[in-house]
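Accompanying notes for the structure given below.
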Amino acid sequence: MACYICDKEKFSVEHAPAKCFFPKDKRVNLITVDSCKEHNEDTSKDDEYVRNIIAMTIGNNDVAINHFLTQCLKSFKHSPGLLKTTTKEQQQVFYSDNNSAKGEIKPTVAFGIDRLRIDQVMRKMAYALYYHKFNERWNRELNTGTEHLREKSMKADPMGLLIQESKKEIGEIPFEGTNPEVFQYAFLRSESEDLNEQILIMKFYEGFEMWMFPIPNTNGPVI
Ligand SMILES: [Zn+2]
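Read left to right, the sequence shown gives residues 9 to 231 (this note's numbering).
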C-alpha cells in the first residue's frame, strides 16, 4: 500500500496513536499504517507533549494517572524544556468533581496549551485511523473539537459546546480498539453515503475525547 498521506511508496509504518501513549504492558495489537519517508518524520516530542496534556486532564482513568506518574514525569525529567512548555501560563481554576458524592467544587491548576500543536498530532492520528479502517485516504481537511480543553477563559471551545449537545442525542457510541483503557475510536456515519463525511471520535484513557470533523468541499489529507 502507498503512504497514508500521499501517493509515495511505503518506507516504514506509523503508529496511531503513537507508542508513547501506551504504557509498556499495554502495547499489543497497536494500529499501524504504511507511510513514506517524508511522512514518517520523528514527531515524538509533539506526541509526548500531547500525551502529557491528555494524561494531566481531569477525568481520565487509573491507567492514565499511573502512566503520567511514570512515563510523563520521566519525559519531563529528561526534557526540562518540555515541562516548561507544558506548564507555562498556569492559573488556578475550579472544577466540579463528579466522582465525589456531593459534586464538590475543587481547586486545580489549568495550563495554557499549544492548541495548534495538539491539533496537528490529532489530525495525523485521524488520517492514519481512517486509512487503517477503510483502506483509502481521508479526502477532507479536518477540524478538531473537544470538551476537555478549555480556552483561557475556561469556556469550552465552540466545537466542544456542539459536542456536549450532540452527545445527548447520539446515545451509545460504537467504540472499537484493542486497548480500550488507553485508546478507542469510532467513526460515525452521517446521512451522506460518502465515507469521507463521517465524524471520528478518538477517546483516550476512557476520559478524554477528541472529535474530528471533515470540512465540506475540501480535499485531504492536510496535516
Ligand atoms: Zn507520504
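Where is the CB? At the ideal position from N, CA and C, for every residue including glycine.
Rounded distance between the beta-carbons of residue j and residue i, thought under 8 angstroms
i, j, result
"Leu150", "Pro88", "That belief does not hold up - the Cβ atoms of Leu150 and Pro88 are roughly 33 angstroms apart, past 8 angstroms."
"Gln172", "Asp54", "Between Asp54 and Gln172 the Cβ distance is about 27 angstroms, and since that is not below 8 angstroms, they are no contact."
"Asn68", "Gly168", "Wrong, their Cβ atoms sit about 17 angstroms apart, outside the cutoff."
"Ala10", "Glu17", "6 angstroms"
"Asn187", "Val36", "7 angstroms"
Beta-carbon proximity of residue i to residue j, cut-off 8 angstroms
i, j, result
"Glu22", "Val41", "yes"
"Met64", "Thr152", "no"
"Phe29", "Val190", "yes"
"Glu205", "Tyr193", "no"
"Tyr138", "Leu38", "no"
"Ser20", "Asn48", "yes"
"Arg148", "Gly228", "yes"
"Tyr135", "Arg125", "no"
"Ile121", "Leu157", "yes"
"Phe238", "Leu203", "No statement about residue 238 is possible, as the shown extent of the chain runs from 9 to 231 and does not include it."
Identity of the residues DSSP links to residue i by a beta bridge
i, result
"Asp193", "Before going further, note that residue 193 is Tyr rather than Asp in the sequence given. BP columns for Tyr193 point to Glu184 and Met210."
"Arg148", "Paired residue(s): none; Arg148 is not in a bridge."
"Met220", "Thr152 and Leu208"
"Val21", "Asp42"
With 16 other Cβ atoms within 10 Å as the buried cut-off, status of residue i
i, result
"Ser43", "buried"
"His86", "exposed"
"Cys14", "exposed"
"Ser83", "buried"
"Glu155", "buried"
"Phe212", "buried"
"Arg131", "buried"
"Ile178", "exposed"
"Val71", "buried"
Length-filtered (3 minimum) beta strand (DSSP E) runs lying within the region 29-74: Taking only runs of at least 3 residues, the beta strand (DSSP E) segments lying wholly in the region 29-74 are 40-43.
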